[in-house]
Amino acid sequence: MPVLLEAPSPTPVADPADPVVDPATGIGGCVRTDAPAPPSVEADLAHLTELLADHDIEGARAWSQELLRRWPDHPRAQHWAYVLAPTVARVVPRKYPPRRRDLEREWLKQHGHEYAGLWVVLYEDRLLAADPERAKAVELARQVPCDGEPFLHHVGPIPKG
Amino acid sequence: MIRSFTGSMRYQTEVYQGPHRLLVAVEVLIGDSSAASTLLLDTGSEWCVLPEHIAGEAGYPGEINPRIPPLHSRFGLIYGRIERIPFRFVADVGAELVLEATCFVSEEWPGPPVLGWKGCLERMRFALDPADETFYFAPL
Amino acid sequence: MLRTFTGQASYDSDVYLGPHRLLVAVRVTIGDMATSALLLLDTGSEWCVLSEANAAQAGYPGEADPETPPLHSRFGLIYGRIERIPFRFVADVGEELVLDATCFVSADWPGPPVLGWKGCLERMRFALDPADEMFSFATL
Amino acid sequence: MPVLLEAPPTSHAPDDRGADISAETQPPAPVSAEADLAHLTELLADHDIDGARAWSQELLRRWPENTEVTHLAYVLAPPVARVVPRKYPPRRRDLEWEWLKEHGPEYAGLWVVLYEDRLLAADPDPAKALAEARKIPCPGPPLLHLAGPVRKK
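This is how it looks when you write it as structure tokens:
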């Protein structure tokens with residue numbers, strides 16, 4: 324829970340525990356700002372850009388919620404409120420059975436240098452595909468059945484020494 | 399899944415060290431210095447990086463070592479030297495931890511002191527818990 | 004001092020991803036990508052950073068947004084856009100974790116995909132243990 | 003048609019450098035400390051830190067009397083973290099950070115030395131600030147910080 328100061332700061336954090344914030348998406352949050360009430364959405368958006376350029380991310384978050392309140396139908400206001408809202412991490416059911424990827428790492432140690440610069444797709448110690456293009460390697464690997472998540476890796480240059 | 403730690407301290411987020419904004423900052427006693435310094439915890443930094451005055455204050459004065467390749471940083475190429483300096487993590491709770499960190503020291507370094515990966519973080523177990531803004535640490 | 008985590012996976016250190024050297028790399032499935040990708044875990048990076056190619060593969064194509072200030076990086080000023088993209092942390096053991104990360108996406112970004120502090124790491128508990136090279140994570 | 007694993011995949015373009023790279027990086031025979039030290043610089047420039055560490059130990063074996071070698075082998079060796087008995091009473095530095103939030107901007111650009119909410123010294127030169135602060139006894143290490151605009155929470 325971020326530290327809330329006694330005297331509410333001019334740009335308090337949009338805090339996911341705050342009832343105004345939607346806990347699933349983290350959007351919402353109490354907003355107070357000292358910026359004057361400019362007449363246009365452009366000026367408001369410019370103020371947001373200023374806050375981001377000043378690395379005042381908490382200020383930009385709070386301001387993006389104020390923007391949404393002022394211009395609820397404006398796509399840019401909606402975009403900024405959405406992308407800047409603090410995120411909420413959540414546990415999700417597994418897609419694949421749990422397993423370590425030691426075999427893949429071992430394969431890369433043994434054979435990685437033969438595929439320098441290529442995207443390789445592995446499953447345990449089996450090479451499913453290798454291609455200079457990522458998308459092609461993934462596509463090739465899709466044709467090979469395997470019962471877990473394949474391991475994609477872009478093999479680097481051969482480390483000297 | 400549980401991990402155990404021997405000490406912990408509060409970390410700061412988004413604080414300024416002069417003109418520099420430190421996203422995650424922890425306090426460390428460096429060498430023989432009489433005061434703790436605030437360091438940027440940066441897992442993306444190859445080395446710990448110290449400005450000359452902090453290394454000097456810690457008891458490790460010195461000059462640029464031509465053998466040491468320059469550091470590629472967002473401030474450009476930085477020339478310096480490599481030292482091994484004791485870092486003491488002064489725990490708010492639990493035990494203190496000491497580790498002799500490999501540091502890139504330079505008078506050209508305009509940035510904040512940095513806690514980097516090689517020669518430091520790579521050799522300690524640590525965790526960051528934003529719920530209580532606490533940095534947990536332990537020896538390996 | 005114990006901390007609990009819901010999932011963990013082995014991390015790679017000092018690994019090359021194409022031409023990029025990643026000091027600490029963890030596996031994340033980005034958006035709709037069919038396979039997980041290796042991302043640089045960088046507590047010193049303000050945002051998560053993806054190339055346009057990564058974002059497009061994840062199902063989030065787009066162009067640079069003039070309203071988004073450029074990113075200051077060691078590659079210089081990088082222009083792009085800010086997106087919200089689901090990141091699924093792959094777990095070798097335990098549960099997987101998803102969060103909608105705020106990402107800086109740019110066609111100019113020459114570096115590897117990056118896990119940054121704001122809009123991502125700041126919102127999850129995580130630990131790195133070089134003893135078994137495990138990255139542990141949990142919700143707040 | 004799945005990829006045939008026996009024959010290397012057609013799209014694999016053998017890397018011509020592959021064969022030579024390993025020969026090129028064979029460490030030079032022990033001709034001189036100078037050549038060996040140059041190879042160490044190469045490894046560091048190539049960000050091959052573990053390679054540089056291993057090579058610096060080999061150098062120590064070859065040139066145990068060379069002070070550059072002993073220094074570099076010492077500073078590059080990976081550290082060992084260890085728990086140590088407390089030197090100072092446990093305390094949090096919340097008061098220092100509160101002070102910095104309140105007063106940091108007034109001292110922007112100055113090195114301040116704080117113990118809890120007491121300003122022990124402030125000076126553009128950190129060494130002077132610390133020297134000043136040392137004259138004031140306090141039960142634990144104060145915090146040295148370069149005051150600046152502090153982000154309000």
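Those protein sequences? They're chains F, E, R and A, same order as listed.
All residue numbers for the first sequence refer to the working numbering, where the first residue is 324 and numbers rise by one.
All residue numbers for the second sequence refer to the working numbering, where the first residue is 399 and numbers rise by one.
All residue numbers for the third sequence refer to the working numbering, where the first residue is 4 and numbers rise by one.
All residue numbers for the fourth sequence refer to the working numbering, where the first residue is 3 and numbers rise by one.
Glycine is no exception: its CB is placed at the ideal position from the N, C-alpha and C atoms.
Using a cut-off of 9 Å between C-beta atoms, extract the partners of residue i located in chain E.
i, result
"A/H162", "An answer regarding residue 162 of chain A cannot be provided, because it is not within the stretch 3 to 155 covered by chain A."
When you compare the CB of residue i with every CB in chain R, is at least one pair closer than 8 Å?
i, result
"E/L497", "no"
"E/I476", "no"
"E/A445", "According to the sequence displayed, residue 445 of chain E carries Trp and not Ala. E/W445 does not count as touching chain R."
"F/P362", "no"
"E/H470", "yes"
"F/A376", "yes"
"E/G454", "no"
"E/L438", "yes"
Along chain R, which residues have their Cβ under 8 Å away from the Cβ of residue i?
i, result
"F/Y405", "R87"
"E/T441", "L26, V27, L44, D45, T46, G47 and L131"
Would you verify that the beta carbon of residue i is, or is not, closer than 8 Å to some beta carbon of chain E?
i, result
"R/E99", "no"
"A/W65", "no"
"A/Y76", "yes"
"A/V86", "yes"
"A/G111", "yes"
"A/I138", "no"
Find out if the Cβ-Cβ distance for the pair residue i, residue j is shorter than 8 Å.
i, j, result
"R/P116", "R/A59", "no"
"E/Y414", "A/G150", "yes"
"R/G147", "R/L74", "There is simply no residue 147 of chain R to check, as chain R begins at 4 and stops at 143 in what is shown."
"F/H378", "E/R472", "no"
"R/C123", "R/F92", "no"
"R/S16", "R/G119", "no"
"E/V496", "A/R84", "yes"
"A/Y109", "A/A131", "no"
"R/I33", "R/A61", "yes"
"E/M407", "E/D530", "no"
"R/C10", "R/A134", "First, the residue type needs correcting, since residue 10 of chain R is Gly and not Cys in the sequence shown. No, these two residues do not count as a Cβ contact at 8 Å."
Any Cβ of chain A within less than 8 Å of the Cβ of residue i?
i, result
"E/E528", "A quick correction: the sequence has Pro, not Glu, at residue 528 of chain E. With 8 Å as the cut-off, E/P528 does not count as an interface residue toward chain A."
"E/G509", "no"
"E/E425", "yes"
"E/V491", "yes"
Which residues mark the beginning and the end of the beta strand (DSSP E) in which residue i is found?
i, result
"A/D96", "A/D96 -> not in any beta strand (DSSP E); alpha helix (DSSP H) instead, spanning D96 to H105."
"E/P537", "T532 to P537"
"F/D425", "Element bounds for F/D425: not the beta strand (DSSP E) but the alpha helix (DSSP H), D425 to H434."
"E/L423", "The residue asked about is misnamed: residue 423 of chain E is Ala in this sequence, not Leu. Where E/A423 is concerned, the enclosing beta strand (DSSP E) stretches over H418 to I428."
If I measure Cβ to Cβ from residue i and keep anything under 6 Å in the same chain, skipping five residues before and after, which residues do I get?
i, result
"E/E481", "Y458, C501 and V503"
"E/F524", "F535"
"R/E86", "Y63, C106 and V108"
"R/D103", "R87 and P89"
"F/R424", "F474"
"F/A347", "Confidence at F/A347 is low in this model, with a pLDDT of 48, below 50, so the placement of that residue is unreliable and no value is reported for it."
Excluding the 5 residues preceding and the 5 following residue i in the sequence, name in chain order all residues of the same chain whose CB lies nearer than 7 Å to its CB.
i, result
"E/D440", "V512, L513 and G514"
"F/W403", "L371, S387 and L390"
"A/E98", "L116, E118 and L145"
"F/L375", "A383"
"F/Y446", "C469, G471, P473 and F474"
"A/G142", "Y90, P91 and R93"
"E/Y477", "I462, P468, S504 and E506"
Using a C-beta to C-beta distance shorter than 8 Å, which residues of chain F count as neighbours of residue i?
i, result
"R/L80", "Here the premise fails: no neighbours, minimum Cβ distance about 11 Å."
I'd like to know if residue i contacts chain F, where contact means its C-beta is closer than 8 Å to some C-beta of that chain.
i, result
"R/C123", "yes"
Would you mind telling me which residues of chain A sit closer than 9 Å to residue i, beta carbon to beta carbon, in chain order?
i, result
"E/Y534", "Within chain A, no residue comes near E/Y534; the closest Cβ sits about 13 Å away, beyond 9 Å."
Interface residues of chain E around residue i at Cβ under 8 Å?
i, result
"R/Q11", "M399"
"R/V29", "None at all; the shortest Cβ gap to chain E is about 10 Å."
Note the first and the last residue of the continuous alpha helix (DSSP H) segment covering residue i.
i, result
"A/Q59", "I51 to R64"
"F/W403", "P398 to L407"
"A/V71", "T69 to L78"
"A/D38", "A35 to A47"
"F/W386", "I380 to R393"
Skipping 5 residues on each side, what residues in its chain have a beta carbon closer than 8 Å to that of residue i?
i, result
"R/R24", "D17 and V18"
"F/A460", "L441, W442, V443, V444, A452, A453, D454 and L475"
"F/L407", "I380, A383, R384 and S387"
"A/L42", "A54, W57, S58, L61 and L74"
Report the neighbours of residue i on chain E: residues whose CB is nearer than 7 Å to its CB, in chain order.
i, result
"A/A83", "L495, L497, R521, M522, P537 and L538"
"A/R93", "D490"
Given that residue i touches chain F, what residues does it touch there, using C-beta distances under 9 Å?
i, result
"R/A104", "T410"
Using a C-beta to C-beta distance shorter than 8 Å, which residues of chain A count as neighbours of residue i?
i, result
"E/I480", "L74, V77 and L78"
"E/A433", "V115, L132, A135, P143, P144, L145 and L146"
Along chain F, which residues have their Cβ under 7 Å away from the Cβ of residue i?
i, result
"R/E55", "In chain order: nothing, as chain F lies at least about 13 Å away."
At a cut-off of 7 Å, is residue i close to the ligand COA when judged by its beta-carbon and the heavy atoms of the ligand?
i, result
"F/H370", "Within the structure as shown, the ligand COA is missing, as the structure has no ligands at all."
For a contact defined as C-beta to C-beta under 7 Å, what are the partners of residue i on chain A?
i, result
"E/P467", "T43, L46 and A47"
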